[in-house]
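**Student:** First the structure, which I've put down as structure tokens, then a few questions once you've had a look.
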Amino acid sequence: MAGGIWIARYLSSGQRGPRTYRLGGSRFEARVRRRKGQSSGAWLAEVTAIEVTSSMPRRYDRIVPAVVSFEPNYRELAFDMEDLLRQLEQWRQIHQGRVVAPASEQLKRTVHLEYGRLKRLLEIVEQRPEVAEQTVSGVVLSVEEGLDGADTVVLDVKPPTDLADFDRRRVTITASNGVTVNTNVQRIRAGRIAVRQPGNWLPKRGTEVTVNLVKPFGMRQNALALKSFLNGEVEGSWDDLARLLCQAHGLTAQGPLALPQRFFCDDSDSSVPLNDEQRRAVAGAVSTPHAFLVQGPPGTGKTEVICETIRQLTARGERVLLLAPTHVAVDEVLGRIGHKPGVRPLRITWDDDRVHESVRDYLEPNVGAGLKGLVARPAKGARDPLWAAELIQVEERIQDARRAISAIADKRRQAIALAHTRVALAAAAERLDLSRSRASQELGTLNEAAKLATARVDAAASTLSRAVRTHGDLLTTARPILEPLPPLARSWQAAMRVASTAAIALDAANKELDRATGLLNHNVTEARNDVARAGLDNHAVMARLEDALAELRRAQLDLDNAVSHQNQLGRMLTAMNLGRVTAARRRADEAEAAVTYWRNRSRSATDWQRAAERHMAAVEANRTNDVVAARERASNARQQMDAAVRQSTLRWTRLAEAAGDAQPAMTEVANMNERRRVAAFLAGTVSALLAGKPPVGADHGTLAALGSVAQIAGQLSQTVTDLVAARREQRSALEDQTWCQRELQVGRDRIESSLAAAEQDFTATQSRYDAAVKRVEKISQILAGRSEDPADHSRDIEQLERRLHVLQRLPALHQRWYELTSGQSDDLLLADIRESLVRAANLVCATTKGIVGRGSQVVRYADYDTLIVDEASRVTESEFLIGATRARRWILVGDEHQLPPHVDQRDEHFLHALTALHRFHRGAGESLEASVQYLAQVWAEDEELHKFRAESVLAVAEELSSSGLWATSFRDPFESAYLRVQSSGNRNDPDRQVLTAMLRHLVQSLFQRVAPRVPAGLRQELVWQRRMIEPLARIVAQPVYRGQYRTPPAADLAAIGLTPLVLAETLTQPVTFVDTSHFRDCGDTPQDHGFVNEREQHFVERVCRLYNEDLGRSGSKPVTVSVLAFYRAQAQQLSRRLRRLDLPHLEWEVIDVIDRIQGQQSDLVIISFTRAHTGRIGPGYGQWLQDIRRLNVAFTRARRALVFVGHGPTLSALGAPSADAEPSPARIFYENLFSLVDQDDEFMRVRRL
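With my numbering as the guide, the letters of the sequence shown map in order to residues 21 to 1269.
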């Protein structure tokens, strides 16, 4: 010890009593207890044991003490181990330049509030009465004062018996006076039992007692781990662990993920390559500073992620703890990863039979077992030549195996290439034949088109010749008659245009005359009106002027009278501008101003009247001149129009004379529109016809006035039309002939090129095929007599490389071995080697509780860099803490949509009974039975099972009450827990709230609670599954995972052996529903707190026989089969019925309830729903059949085929919502299921087998 020791706290500090520490070296360690001295009261360091060091803690302090001394206990020399560790921690922080920030007080309060309730709950459940395993009798010998303040009761057992099983176990003590208490045994010595004295038991010396050894508390390790956590005794950051448990959203997410530079799965042909989301999950798991979650439905590769994560972590020197709630899950991972290079696994369990045979070599007793008999110590250097020769041989075998792997891969590539080339050759031959056939057809079509085009050209030429002759003959006859007419018609049209222009001018002149006359009248009238208004205004102004003069005279008169009658006072007032004279003078001034104003107005009115009269005279003179000019223009326009009309009439007469026999009729045409039509026809149509142009819009057939002229024009029009059509047809025929000839030439060139390319392609493909055949034959010769499975050669290479690694170092190691072991025995060497192998383990695997149970002594004090929890959805918070307190990082892998944690039904009933007793004794329930029934509504289960639960709970409650345990052991602690839980609950229904809060810690997993809250950067979802065929995944993809469950193409699944398992005649689809509703005996029967269904058992047996017979006929390999039921009674009967059958082609995996198969799968899965009801189904019926997580597990265990047996109407009615309620998850699941059964081609419903 003086040369240097390591020191660490004993991590299992959940034990009652003083704290313990470990001090040790490489071979031995001392257990030191911290206690206060009885006399001095100072802290002492008391050595309690010296043991062989089984494993060193991962986290410890190392010191080199200046002095080491051992003194007797009675001297009580003071030394505080805790103070030493605090100083060491301070020195380490100073040395590393950092100080750890203390945890948030708010976080601490939250943790202690939440998990203080769980701690109290576990303390209560721990005291649950159990059936005694062993019973002894004795008397109270003494009561001693304990070192930690708690008294110890010493019992003398009579008669003497073996008490080894009682050591440190929980017992129930019943005194002679009827008092019953629960306590723990502290020590066993010389036929005496020392137990911890409960606070409610005051024993007296000589009291007779009965001691019952009860079954160990199943959650004791949960309670100890919780206590360590609450005390801050964790390996990692307490803050991070507390946030994960209470405030998952507060965990700090890391930055962008950086993928590892190397993935081990890519280096091995036997490993399945990870997809992108799996690689991100591995990257997140290995780089997270505290916690990471991997969420994935069944078959999405969670186990592959765990295996790759373990290899990444162990490769960088970490020690990994792998936990799962079941042995099956642990062994599944260990079986895949245990043999990998760099992984040194250790399997921990208390029962070796629970471990799968394939991984039992990793159990602690079996580690190094193969070394026995191999210990050899030949002379120094004696084996070096043998090892050198073997080294050369191993290197050659490695090269040979690598060449074989390369040849196998090359053969597979060449075989694929040969298959592709064979397909390409057949396709090339088919293309060549098709090209030849198409070429012949295309050439025939083109030649036929060319012949038709030539015939069309000849026919068009003949038609054109006839049309030219006919048109020439008719034109010779018609020209003398028709040729004079167009010029005369155009002359008449010109005369008519002049007449029309003259008529327009005349109309405009008349309109101008009317306008000038009207304007004259209007202006004269306006001017006269202005003169009249001016006269009236002048007259009115003169009248007002006369009035103003009269007013002025009256004002002058009043002024004169006022002046003449003015006295002295009046003159004084006048001087002050007041009085009568002043008023009269003001009035006279105003009247004089008015006269002046109206005189000015009179002069203005007179001027306006005179101006209006002058304006009227000017308007009459100017407008009269305009009217005279307009009348003169109108007269001139009339004369011009008359002259134009006479000229047009004269020209029409000449046209009529030139028309020959049509003159009378044309002369009689008086309608100008008709004349215009005739003239237009003669000027336009006839001119065009004479020029050989086709008429446009000719109407010669309706011009009766033209007589024979119209007939001749019509004939000439027809010949011109025929001539134009013949010319157009000839041009079209010539163009068609030219195009056909060009297309014929182009087609010939294209066909020749296509045939040449097809022949060249066929020749090249044939050459490639011949070459591929030769390469495959050559490789087959190389591999003749050797395995063509690359996995076999990879395993050989892996073993050979390990041997090569050893051989390269054996000479030096042997020399060192010889030096170290020259004086030791073989047994001692073997023990040292095995101990070293165990201590060097970097992957410790166990169940979540097995890591601290019996058989875990070898790793009891170990700590870990990383904890990985598989199937975390089935692990409670307290169960998680068992391993979490020993690790610095935590990775949880699971699926929150699968089964929740398993809870002991006895614990549920016990808590139910305590709550009912508390409700009854405080007066809230009428009776104990009524209290039990009231609280039974907390459980969602089948209505029929409620009565079984109520009966069991009532029996427990009555036993607790009658035995006195309620009053003596449970009332006070339960009251304390009740108040603590109720403080944050619903005060309107405290009992149900308390019971629900208590059970939440027992039945809800940590994974389910934190998965939705943890930051996105600390979790990764997996969605691509490769476990089952696509129709099976379709059942749960939408109703359970909302579309986040995807399946690769069927070809990819077929490559790994996942193909539908169907029968030739009966079960022809991979998913089958066997409907029992058409049978009278389809109902279920209650049995042993469950149900059985004989009809469904018959169908399950029939399905198994059908598959066995079909597999036997086809010569197929046996398939794995699991048969599941929702009720244990049905599962037990199915197991007995099926296991006695002779079905050699079926390999049974699981025949049990659904809860037992999570984490496993089979080729074929058969499900029995058991329940069947013909009446109305209420919301409480078949609750287990409505558990969406149990349904998810049941329907995702099959790989290739699924058969489920049930009562169709019952299943279709489950989960039906009320009028306004949303459909339940179970309802959505069954609607989707039966929609697939009735509509999908890969599902089927059968009623008879």
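Glycine included, every Cβ here is placed at the ideal spot set by N, Cα and C.
Check the C-beta distance from residue 1248 over to residue 1059 and give it rounded, since I have them as a contact under 8 Å.
**Tutor:** The residue given as residue 1248 occupies position 1228 in the sequence shown. The residue given as residue 1059 occupies position 1039 in the sequence shown. Confirmed, about 5 Å.
**Student:** So, does the segment 582-596 touch the segment 607-619, judging by three or more C-beta pairs under 8 Å?
**Tutor:** The segment 582-596 is not in contact with the segment 607-619.
**Student:** Report the rounded CA-to-CA distance for residue 1160 versus residue 1131, giving the unit in angstroms.
**Tutor:** For this step, residue 1160 is matched to residue 1140 along the sequence shown. For this step, residue 1131 is matched to residue 1111 along the sequence shown. In a straight line, the C-alpha of residue 1160 is about 19 Å away from that of residue 1131.
**Student:** Starting from residue 1085, follow its DSSP beta bridges and name the residues at the other end.
**Tutor:** In the sequence shown, the residue the question calls residue 1085 occupies position 1065. DSSP, once it has assigned bridges, lists no residue as partnering residue 1085.
**Student:** Could you spell out the range, first to last residue, of the alpha helix (DSSP H) harbouring residue 1120?
**Tutor:** Walking along the sequence shown from the start, residue 1120 turns up at place 1100. Its alpha helix (DSSP H) spans residues 1114-1134.
**Student:** Check whether the segment 733-743 touches the segment 706-716, taking contact to mean three or more Cβ pairs, one atom from each stretch, closer than 8 Å.
**Tutor:** The segment 733-743, when compared against the segment 706-716, does touch it at the 8 Å Cβ threshold.
**Student:** Alpha carbon to alpha carbon, how far is residue 301 from residue 365?
**Tutor:** Residue numbering aside, residue 301 sits at position 281 when the sequence shown is read from its first letter. Residue numbering aside, residue 365 sits at position 345 when the sequence shown is read from its first letter. Roughly 23 Å separates the two Cα atoms.
**Student:** Enumerate, from N- to C-terminal direction, the unbroken beta strand (DSSP E) stretches of 3 or more residues contained entirely within the segment 228-314.
**Tutor:** Qualifying beta strand (DSSP E) stretches, in chain order: 228-234.
**Student:** Helix, strand or coil: how does DSSP classify residue 380 here?
**Tutor:** By one-based count along the sequence shown, residue 380 stands at place 360. Helix.
**Student:** Closer than 6 Å by C-beta to residue 774: which residues in its own chain qualify, once you throw out the five before and the five after it? Chain order, please.
**Tutor:** To locate residue 774, count along the sequence shown from 1; it is residue 754. If we look at residue 774 and ignore the five residues flanking it on each side, its Cβ neighbours are 455.
**Student:** Considering only the alpha carbon of each residue, which of 214, 244, 183 and 89 lies closest to residue 139?
**Tutor:** The residue labelled residue 139 in the question sits at position 119 within the sequence shown. Nearest option by C-alpha distance: 244.
**Student:** Which word fits residue 89, buried or exposed, when buried means at least 16 other C-beta atoms lie within 10 angstroms of its C-beta?
**Tutor:** Within the sequence shown, numbered from 1, the residue matching residue 89 stands at position 69. Classification of residue 89: exposed, given that the 10 Å Cβ count is below 16.
**Student:** Within the continuous beta strand (DSSP E) that includes residue 895, where are the two ends?
**Tutor:** Here residue 895 refers to the residue found at position 875 when the sequence shown is read from its first residue. Unbroken run through residue 895: none, as it is neither H nor E.
**Student:** Quick check on DSSP: helix, strand or coil for residue 99?
**Tutor:** Position 79 of the sequence shown holds residue 99. In this structure, residue 99 counts as coil in the three-state DSSP scheme.
**Student:** So, helix, strand or coil for residue 221, using DSSP?
**Tutor:** Walking along the sequence shown from the start, residue 221 turns up at place 201. Reduced to three states, the DSSP call for residue 221 is coil.
**Student:** Please give me, in chain order, every unbroken run of the alpha helix (DSSP H) with length at least 4 that falls completely inside the segment 1214-1263.
**Tutor:** The segment 1214-1263 contains these whole alpha helix (DSSP H) runs: 1228-1233 and 1245-1259.
**Student:** With H, G and I counted as helix, E and B as strand and the rest as coil, what does DSSP make of residue 370?
**Tutor:** On the sequence shown, position 350 is the one that residue 370 refers to. Coil at residue 370, not helix or strand.
**Student:** Sort 281, 320 and 996 by Cα distance to residue 1046 and report the nearest one.
**Tutor:** Locating residue 1046 in the sequence shown gives position 1026, where the first residue counts as 1. Ranking the options by Cα distance to residue 1046, first place goes to 320.
**Student:** Got a sec: does the ligand SAH put a non-hydrogen atom nearer than 8 Å to the Cβ of residue 684?
**Tutor:** Ligands displayed in this structure: none; no statement on the ligand SAH is therefore possible.
**Student:** When the distance is taken between beta carbons, is residue 205 closer than 9 Å to residue 190?
**Tutor:** Mapped onto the sequence shown, residue 190 falls at position 170. Mapped onto the sequence shown, residue 205 falls at position 185. Against a cut-off of 9 Å, the Cβ pair of residue 205 and residue 190 comes out as a contact.
**Student:** Count the other C-beta atoms from every protein chain shown that fall within 10 angstroms of the C-beta of residue 194, then say buried if there are 16 or more, exposed otherwise.
**Tutor:** Mapped onto the sequence shown, residue 194 falls at position 174. Burial call: buried.
**Student:** For a quick check, are the C-beta atoms of residue 266 and residue 130 less than 9 Å apart?
**Tutor:** One-based indexing of the sequence shown puts residue 266 at position 246. One-based indexing of the sequence shown puts residue 130 at position 110. Yes; because the gap between Cβ atoms is below 9 Å, this pair is in contact.
**Student:** Between the beta-carbon of residue 785 and the beta-carbon of residue 335, is there less than 9 Å?
**Tutor:** Working through the sequence shown from its first residue, we reach residue 785 at position 765. Working through the sequence shown from its first residue, we reach residue 335 at position 315. Their beta carbons are not under 9 Å apart, which means residue 785 does not touch residue 335 by this criterion.
**Student:** Please classify residue 436 as buried or exposed, where buried requires at least 16 other C-beta atoms within 10 Å of its C-beta.
**Tutor:** Looking up residue 436 in the sequence shown gives position 416. Its Cβ having fewer than 16 others within 10 Å, residue 436 is exposed.
**Student:** Does the Cβ of residue 358 have 16 or more other Cβ atoms within 10 Å, making it buried, or fewer, making it exposed?
**Tutor:** By one-based count along the sequence shown, residue 358 stands at place 338. Flag for residue 358 reads buried.
**Student:** Tell me the DSSP secondary structure of residue 1265 in three-state form.
**Tutor:** By 1-based counting over the sequence shown, the position of residue 1265 is 1245. Strand at residue 1265.
**Student:** Going along the chain, which residues of its own chain have a beta-carbon closer than 8 Å to the beta-carbon of residue 528, five neighbours each way excluded?
**Tutor:** What you label residue 528 is simply residue 508 of the sequence shown in a count that begins at 1. 657, listed in sequence order.
**Student:** Excluding sequence positions up to five away, which residues of its chain have a Cβ less than 7 Å from the Cβ of residue 339?
**Tutor:** Sequence index remark: in the sequence shown, residue 339 carries index 319 (1-based). Same-chain partners within the cutoff: 78, 862, 884 and 885.
**Student:** Roughly how many angstroms lie between the CA atoms of residue 799 and residue 790, to the nearest whole one?
**Tutor:** Against the sequence shown, residue 799 aligns to sequence position 779. Against the sequence shown, residue 790 aligns to sequence position 770. If I take the Cα positions, the gap works out to 14 Å.
**Student:** Leaving aside the five residues before and after residue 1246 along the sequence, list all residues of the same chain whose C-beta is less than 8 Å from its C-beta, in chain order.
**Tutor:** For the purposes of this step, residue 1246 is taken as the residue at position 1226 of the sequence shown. Result list for residue 1246: 1205, 1206, 1207, 1208, 1211, 1234 and 1235, in chain order.
**Student:** Classify residue 1049 as buried or exposed, calling it buried when 16 or more other Cβ atoms lie within 10 Å of its own Cβ.
**Tutor:** As a first step, residue 1049 is located in the sequence shown; it is residue number 1029 there, counting from the start. Buried: at least 16 other Cβ atoms inside 10 Å.
**Student:** Under the DSSP definition of a beta bridge, which residues are partnered with residue 803?
**Tutor:** Indexing the sequence shown from 1 puts residue 803 at position 783. According to DSSP, which records beta bridges pairwise, residue 803 is partnered with nothing at all.
**Student:** Would you kindly check if the distance between the Cβ of residue 1034 and the Cβ of residue 261 is under 9 Å?
**Tutor:** Here residue 261 refers to the residue found at position 241 when the sequence shown is read from its first residue. Here residue 1034 refers to the residue found at position 1014 when the sequence shown is read from its first residue. Contact flag unset, no.
**Student:** Using the beta-carbon count (16 or more within 10 Å), is residue 227 buried or exposed?
**Tutor:** Position 207 of the sequence shown holds residue 227. That one is buried.
**Student:** So residue 505 and residue 706 are in contact, right, with Cβ under 8 Å, and what is the actual spacing, rounded?
**Tutor:** Along the sequence shown, read from residue 1 onward, the residue named residue 505 stands at position 485. Along the sequence shown, read from residue 1 onward, the residue named residue 706 stands at position 686. That pair is a contact at about 6 Å.
**Student:** Below 8 Å on the Cβ atoms is my contact criterion, and I expect residue 351 with residue 306 to pass it. Report the Cβ-Cβ distance as a whole number of Å.
**Tutor:** What you label residue 351 is simply residue 331 of the sequence shown in a count that begins at 1. What you label residue 306 is simply residue 286 of the sequence shown in a count that begins at 1. That pair is no contact at about 23 Å.
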